[in-house]
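A.B. asks: Structure incoming, see below.
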Amino acid sequence: MFEILHQSKKSSARRGILKTAHGAIPTPFFLPIATKGSVKALASSDLKNLGAEIILSNTYHLYLQPGLKVLKKFGGLHKFMNWQGPILTDSGGYQVFSLGAGKREKKDVSFVKIIKDGVKFKSFLDGSEHFFTPESVQEIQDIIGADIKMVLDVCSPHPCSKKQAAKDLELTHEWAKRALEYQRDKRYEIRDKNNKNRSAKLAGEIQNSLLFGIVQGSTYKDLRLKSAKFLSKLNFDGLAIGGLAVGEENKKMYEVLKYTVPELPKNKPRYLMGVGKPENIIEAVKQGIDMFDCVIPTREARHGRLYLWCHPERSPLRSRSEASEGPHRNITKKNFYKIININNAKFKNNTKPIDKNCSCEFCQNYSAGYLQHLFKAGEPLALRLATLHNLKFFLDLFFQIRYDIKKGTL
RNA sequence: GGGCAGGUGGCGGAGUGGUCAAUCGCAACAGACUGUAAAUCUGUCGCCUUCGGGCUACGUAGGUUCGAACCCUACCCUGCCCA
26 MFEILHQSKK SSARRGILKT AHGAIPTPFF LPIATKGSVK ALASSDLKNL
76 GAEIILSNTY HLYLQPGLKV LKKFGGLHKF MNWQGPILTD SGGYQVFSLG
126 AGKREKKDVS FVKIIKDGVK FKSFLDGSEH FFTPESVQEI QDIIGADIKM
176 VLDVCSPHPC SKKQAAKDLE LTHEWAKRAL EYQRDKRYEI RDKNNKNRSA
226 KLAGEIQNSL LFGIVQGSTY KDLRLKSAKF LSKLNFDGLA IGGLAVGEEN
276 KKMYEVLKYT VPELPKNKPR YLMGVGKPEN IIEAVKQGID MFDCVIPTRE
326 ARHGRLYLWC HPERSPLRSR SEASEGPHRN ITKKNFYKII NINNAKFKNN
376 TKPIDKNCSC EFCQNYSAGY LQHLFKAGEP LALRLATLHN LKFFLDLFFQ
426 IRYDIKKGTL
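Just so we're aligned, residue 26 is where the first sequence starts under the working numbering, counting upward by one.
Listed below in structure tokens is the structure:
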């Protein structure tokens, strides 16, 4: 299921391969975010053309809209959105955190309450009340047809008192066990059904789906260690680190990773949830993280912020021999990338592509000035082109990361 | 020629005697965004400033008043209606 191909000697970075029901993916990898069954502004064919290998979708959002009946009717999210690659679904645990447990009470529709058995919440769409349990969230993810499922967790905010973090952690652990038990029971149940020749295909998918636990514990070392140790002993297919990049300093995040990651099983994939900026990603890869997801490339693209490589060492792959050598981004340098805001006045009359070395659809065909015009005119094409570009940057970053691990420079 | 309505900052449009450098929207300028309620949000937006404040401004020119974008007079301009 997960195999490590190269272990860096320079750092804890490793290159591997993660097998899922919808294909094997080289690690470390990045998950573009398709919260509601679409990477905003892109079609599934765009994702495929970009070379995205896996996407992340969200249990909470899909459950509310279009709802389980529709998802069942369509035979799951893969068919619904016509995406053949693997899908990881977040559990909705993050929504409990971001929608607030009362933090945004001004906007009265939202309402989240954590109780021992699960999470009560009101739909942001229509105010209707719902209840998630560790088990129901697994069931929903099965209906979605996720290749990788996440447990329902309690993501502590930042800052968070130790008492609260400990309480959140206790629930997270309890829920993790319940999710695992549900998954185990479900597999047995399906096996029984198989014996009677029923729903063999669905059974295969569910049996092949992976379940990941999530380490919490805020920024408290003993809690994080406790969490990592506790979850490592359980029979998860992979482990995630959650509750980071929620407002703490980068330094703090790196510190937490430094003592948490070594406690995770070496032979299981490690997923740092919600991270992050390129420098965060590289640091985390060096500390042994294999999987990342983040809204940054897509959200910032829609806001006109574009990621660019700095100082390309050479112009891109002029010959076949060069191509076989691999990519040439020096990601170990400090300022290896920069961000521009295409809406800035200075790009108004810029007739050149923002990066002639970039192979994305935007850079290959259009100028900076044109994209600015599309943004200012409110043309939807702006969102698509910008999103394509930023995702290309992030996917290239991971291509480079994998290459550098293999080469021994990371 | 007569009647009516109106002229406010880049634009639209509030204000109709003091707390108005003037609500608000747009545009402009910049910033933020980390398991997406985000094509969102924040700040700046007359000129100058040692950031206390100072200066010039609501069609033009006068006037009334302690004080005028706001009241009066004349003129200029715009729109609609009647001849």
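Yeah, the Cβ is synthetic: ideal placement off N, Cα and C, and Gly gets one too.
On a predicted model such as this, the values are computed, not experimentally measured, just so you know.
1. Would you say the region 287-294 touches the region 255-268, given that touching needs at least three Cβ pairs under 8 Å?
2. Beta-carbon within less than 7 Å of Thr158's beta-carbon, same chain only, minus the 5 sequence neighbours each way: which residues are those?
3. Restricting to runs no shorter than 4 residues, where is the alpha helix (DSSP H) found entirely within the region 177-211?
4. So, with DSSP's three-state summary, where would you put Thr52?
5. Can you give the beta carbon distance from Asn107 to Ser69, rounded, assuming they're within the 8 Å contact cut?
6. Could you tell me which of Tyr332, Ala270 and Leu333 sits nearest to Ala309, measuring between CA atoms?
7. Note down, in chain order, each residue of its chain lying with its Cβ closer than 6 Å to the Cβ of Asp210, except the 5 sequence neighbours on either side.
8. I need the straight-line Cα distance from Val121 to Lys138, nearest angstrom please.
9. Between the C-alpha atoms of His398 and Met316, what's the straight-line distance to the nearest angstrom?
10. Report yes or no: do three or more beta-carbon pairs, one from the region 101-115 and one from the region 357-374, lie closer than 8 Å?
11. Quick check: the Cα distance between Ser82 and Ile165, rounded to an integer number of angstroms?
12. Are the Cβ atoms of Tyr332 and Phe424 separated by less than 8 Å?
13. Could you check what DSSP says for Gly127 in three-state terms: helix, strand or coil?
14. Which of the three DSSP states is assigned to Gly267 in this structure?
15. Hey, Ile58 and Asp318 are a contact pair by Cβ (cut 8 Å); roughly how many whole angstroms apart?
16. Beta carbon of Lys174, beta carbon of Gln189: below 8 Å?
17. Could you give the DSSP three-state label for Asn366: helix, strand or coil?
18. Residue range of the alpha helix (DSSP H) that Val389 falls in?
19. Could you give the residue range of the alpha helix (DSSP H) that holds Asp247?
20. Determine the DSSP secondary structure at Arg324, reduced to helix, strand or coil.
21. Note the first and the last residue of the continuous alpha helix (DSSP H) segment covering Gly394.
22. What's the C-alpha gap between Asn275 and Lys358?
23. Give the straight-line distance between the Cα atoms of Leu194 and Pro322, rounded to the nearest whole angstrom.
24. How would you call Phe387, buried or exposed, if buried means at least 16 neighbouring beta carbons within 10 angstroms?
25. With 16 as the cutoff for other CB atoms within 10 Å, does Leu150 come out buried or exposed?
26. To the nearest whole angstrom, what separates the beta carbons of Lys373 and Gly394, a pair I think is in contact under 8 Å?
27. Relative to the alpha-carbon of Lys302, which residue among Asn415, Asp71 and Ile168 has its alpha-carbon at the smallest distance?
28. Scan the region 59-130 and note each continuous beta strand (DSSP E) run of 3 residues or more that stays entirely inside, going in chain order.
C.D. replies: A quick look at the data gives this:
1. Contact holds: three or more Cβ-Cβ distances are below 8 Å.
2. Taken in chain order, the residues that qualify are Asp142 and Gly143.
3. Fully enclosed alpha helix (DSSP H) runs of no fewer than 4 residues are not present anywhere in the region 177-211.
4. Three-state result, Thr52: strand.
5. Between Ser69 and Asn107 the Cβ distance is about 5 Å, and since that is below 8 Å, they are a contact.
6. Out of Tyr332, Ala270 and Leu333, the CA that lies nearest to the CA of Ala309 is found in Ala270.
7. Within the same chain, Asp210 has no close Cβ partners at all.
8. Their backbone Cα atoms lie some 8 Å apart in a straight line.
9. The C-alpha of His398 lies about 36 Å from the C-alpha of Met316.
10. Too few Cβ pairs lie closer than 8 Å, so no.
11. So the alpha carbons of these two residues sit roughly 12 Å apart.
12. Contact: no.
13. Because Gly127 carries a pLDDT of 42, less than 50, the predicted location of this residue cannot be relied on, and no value is offered for it.
14. Coil, per DSSP.
15. Sure, about 6 Å apart at Cβ, within 8 Å.
16. A distance of 8 Å or more separates the beta carbons of Lys174 and Gln189.
17. Here Asn366 sits in strand by DSSP.
18. Residue 389 is actually Gln in this sequence, not Val. Going by DSSP, Gln389 is part of the alpha helix (DSSP H) stretching over Glu386 to Asn390.
19. Unbroken alpha helix (DSSP H) run through Asp247: Lys246 to Lys258.
20. In this structure, Arg324 counts as helix in the three-state DSSP scheme.
21. Gly394 -> alpha helix (DSSP H) spans Ala393 to Lys401.
22. Note on geometry: alpha-carbon atoms of Asn275 and Lys358 lie some 18 Å from one another.
23. C-alpha separation (whole angstroms): 30 Å.
24. With at least 16 other beta carbons inside 10 angstroms of its own, Phe387 counts as buried.
25. Under this definition Leu150 is an exposed residue.
26. About 6 Å separates the Cβ atoms of Lys373 and Gly394, confirming a contact at the 8 Å cut-off.
27. Each of Asn415, Asp71 and Ile168 was checked against the Cα of Lys302, and the nearest Cα belongs to Asn415.
28. Taking 3 residues as the minimum length, the beta strand (DSSP E) runs contained wholly in the region 59-130 are 80-83 and 112-115, in order along the chain.
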